Structures are given as structure tokens and as C-alpha cells.
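Engineer:
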Amino acid sequence: MSDFVVPVSDDMMPAWRRLDADARARVHGLGPVLLLADHLDAALALAEDLTRMAVVMPKTAGVDAVSIEERNVMFARFAQEVRAFELAVASRVLQARKRAMGSEVQQPQIQLLIRSFIGGTAILADAVEADTAGQPAGLGSVRAGALVAGPEAMSFLCARGVLSFDVKTLDDVSRMAVTETFPIVGLIETGALMDMIAAFLDALDTAFDLYGLAPTMRGA
């Protein structure tokens, strides 16, 4: 019985396999840096999405009024979404931190940024360790799925600065918005974290022309 061979066209091959030998070697050599940059880029995008989150709370009386139950559901859902994005940002940052700690980059300027990034995000790593140890102050002390009721959601949003601690009931809430002062897991302001990540990404791109690989890959 003859072997059945599936024909593979150039379009069916992974982009990196269609590169010439020199370009392929470069991609392979930059693998660890590309993975680091990927986590940084994802963390930055998630953080930007987080800071764009906002909602106008409907009234429970008058024109276009909704029921109290509907408003409560909307409130809790917003808190859940904010928490989910917060945890996603933290996860990507910690993955980037892990890659940075294992990096063998030799450029002094990049090494300086790596040390700065590792030091600046150490507080997040400590929070994870606290969570793993079962301490109440850990990263998972407030899970997204736990914010199903008004009191929990309100406490979370107040702790993150989305709501003032003066707010006592949902009747006092007309609009909620996440800003760059939002502290990721209550520890690092989103704006400061975004600046740190953006500076790191720019330095990596300058040193390794990371984004110059994209046109090469697409045109391969």
C-alpha cells in the first residue's frame, strides 16, 4: 500500500517556515525576546482596555427606568468585568516578569530596563506568593466570580478607587469609570504600569527591531 501524502502549498506552511535561512535563524534566536515582548504587548493592550471601561447606571424611577434588580445585576457585572481584566493584566505582567528574569540579553541598556521591570513588578509576585500561601491579602482574595452581590462589588470598586468610600447605596451611583489611577490588584497604578511596559517594549524594539519582523513574516 502506497503512503498517502498530503500536498502542502506555500500558503499552508507557517510563515516562519517560508522565511529564508538567515531570517529564520534570526527569528529562532529572538525567540525568548519575542515571547517576552508578546506578554508585554498583551499586558499593555489589556491595561488600555481596562482604563476604557465605564458604565452609566440607569435610574429606577422616571423615564427609561429599570428595576432595582436589573440595576444590581448591571452593577455586579461591571465589577466582575473590571476584576477579570485586572487579573488578566496581572497574569500577563507576571508571565513577562518570568521571561525577563530568565532573559540572557546582553545589552546594558536592556539589562537596566529588565532589572527595573523585575523590581517594579516584584510587589505583584509577592501578592501571588501570599495567595499561594493562603493569606487573605493574596492576589485571589477577591475573585471575579465572587462579586455577585452589591456589597462585595461595591467594596471592590471602592477599594480600587472607581467609587468613593462615601458611596453607601447604588442610589448614589450615576456613573462608574476606570482611570489610569486604578491600582492593579490594589498595588500598582495602571498608568504607571503602562508607562513601564511601553518603555520596555520600545527599548526591545529599538534593540532588536521586533516589529520589523512582522512585515517580513507577512511577506514571506
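Taking the numbering used here, I'd label the letters of the sequence shown as residues 1436 to 1655. Each residue gets a CB set at the ideal place from its N, CA and C atoms; glycine is no exception. Please read all numbers here as calculations on a predicted model, not as lab measurements.
Which runs of the alpha helix (DSSP H) at least 4 residues long sit entirely within the region 1491-1575? Give them in chain order.
Structural biologist: DSSP runs (the alpha helix (DSSP H)) wholly in the region 1491-1575: 1503-1536, 1543-1555, 1557-1567.
Engineer: Please state the DSSP three-state secondary structure of GLU1483.
Structural biologist: Correct three-state label for GLU1483: helix.
Engineer: Measuring CB to CB, does MET1509 end up less than 8 Å from SER1609?
Structural biologist: No, they are not a contact pair.
Engineer: I'd like to check one pair, LEU1471 with ALA1535: are the Cβ atoms closer than 8 Å?
Structural biologist: Cβ distance < 8 Å, so ALA1535 and LEU1471 count as in contact.
Engineer: Apart from the five residues just before and just after THR1556, which ones in its own chain have a Cβ nearer than 6 Å to its Cβ?
Structural biologist: So the qualifying residues of the chain are VAL1528, ARG1532.
Engineer: Less than 8 Å between the beta carbons of LEU1485 and PHE1591, yes or no?
Structural biologist: No; because the gap between Cβ atoms is not below 8 Å, this pair is not in contact.
Engineer: Would you mind reading off the limits of the beta strand (DSSP E) that contains MET1589?
Structural biologist: Unbroken run through MET1589 is the alpha helix (DSSP H), 1585-1594; no beta strand (DSSP E).
Engineer: With a cut-off of 8 Å on the beta carbons, I'd call PHE1520 and LEU1481 a contact; round off their distance for me.
Structural biologist: At roughly 6 Å, the Cβ-Cβ gap stays under 8 Å, so PHE1520 and LEU1481 are in contact.
Engineer: What is the DSSP secondary structure of MET1488, reduced to helix, strand or coil?
Structural biologist: In this structure, MET1488 counts as coil in the three-state DSSP scheme.
Engineer: For PRO1467 and VAL1540, I'd like the C-alpha separation in whole angstroms.
Structural biologist: Their backbone Cα atoms lie some 9 Å apart in a straight line.
Engineer: ALA1638 to ILE1545, Cα distance in whole Å?
Structural biologist: Distance between the alpha carbons of ALA1638 and ILE1545: 7 Å.
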